[in-house]
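Terminal number for the sequence shown in the numbering used here: 184, no gaps in between. What follows is a set of notes on a single structure, which appears directly below.
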Amino acid sequence: MMNVGVIGCGYWGPNLVRNLMELKDCTVAAISDLSEDRMNAIAAKYPAIKKCRDYKEILKDTSIPAVVISTNLVTHYAITKDALSAGKHVLLEKPITDKPEDGLKLVKLAAEKQCIFMSGHTFLFNQAIRATKKYIDAGEIGKVLYLHTDRTNLGPIRNDTNALWDLPPHDI
13 MMNVGVIGCG YWGPNLVRNL MELKDCTVAA ISDLSEDRMN AIAAKYPAIK
63 KCRDYKEILK DTSIPAVVIS TNLVTHYAIT KDALSAGKHV LLEKPITDKP
113 EDGLKLVKLA AEKQCIFMSG HTFLFNQAIR ATKKYIDAGE IGKVLYLHTD
163 RTNLGPIRND TNALWDLPPH DI
């Protein structure tokens, strides 16, 4: 059983906790958020989860080898750097950082620490997307000349990024 910490309990946090708790070989051992109310809402459903106001408590916990970070974009670099420096494997919600050079620094740090570092590009694991790729790779639908997608759920309006940074990574 792998213990995971979830840092950030805002819009995506409760969904991430729920999905992780549904995995047979995984449990969320601790959550962290600046809002006590958001942590309490999750703890009401999962009372065994430890609540930490300071995410660094999770990073110090040697029983937790991995964290999922779902905080505001402006905090991604610092929190992820701290997590990787502590030797934690990291799943970071996208976008990774607001500066490409900071993203590259995190990739380098993950390699140095021999940690898995992954961005939350969930469409990579969507069965419809995977099936489409399989058909394209097998040449079953011919050469793709054009692709069109429609976005039907834009999510919350965010103040820390814009639609160009937030939405296209899903489709690309």
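For glycine and all other residues, C-beta sits at the position ideal for the given N, C-alpha and C.
* Consult DSSP for Met-51 and reduce its assignment to one of helix, strand or coil. => helix
* Asked: Quick one: what's got a C-beta closer than 7 Å to Lys-106's C-beta in the same chain, skipping five residues either side?
  -> Ser-131, Gly-132, His-133 and Pro-181
* Asked: Considering only residues of the region 22-97, which uninterrupted beta strand (DSSP E) runs meet the minimum length of 3 residues and lie entirely inside it, listed in chain order?
  -> 38-44, 62-64 and 78-81
* To do: Give every residue of the same chain whose Cβ lies closer than 7 Å to the Cβ of Cys-127, excluding the five residues on either side of it in the sequence, and list them in chain order.
  => Leu-96, Gly-99, Lys-100, His-101 and Val-102
* Asked: So, using beta-carbon positions, are Gly-20 and Asp-49 closer together than 8 Å?
  -> no
* Along the alpha helix (DSSP H) that carries Val-119, what are the first and last residues, could you check? => 112-125
* Measure the CB-CB distance between Ala-42 and Ile-54 and report whether it falls below 8 Å. => no
* **Validate contact between the region 79-94 and the region 105-119 using beta carbons, cut 8 Å, 3 pairs** => yes
* Asked: To which residues of the same chain is Leu-71 closer than 7 Å at the C-beta, ignoring the five residues directly before and after it?
  -> Asp-94, Ala-95, Ala-98 and Lys-100
* Asked: The alpha helix (DSSP H) with Ile-141 in it runs from where to where?
  -> 139-149
* Decide if Tyr-23 is buried, meaning its Cβ has at least 16 other Cβ atoms within 10 Å, or exposed. => exposed
* Asked: How many Å lie between Leu-159 and Thr-144 at the Cα?
  -> 12 Å
* **Through-space distance from Tyr-67 to Asn-52, alpha-carbon basis** => 16 Å
* **Reference Phe-129, options Lys-117, Phe-135 and Asn-138, closest by Cα** => Lys-117
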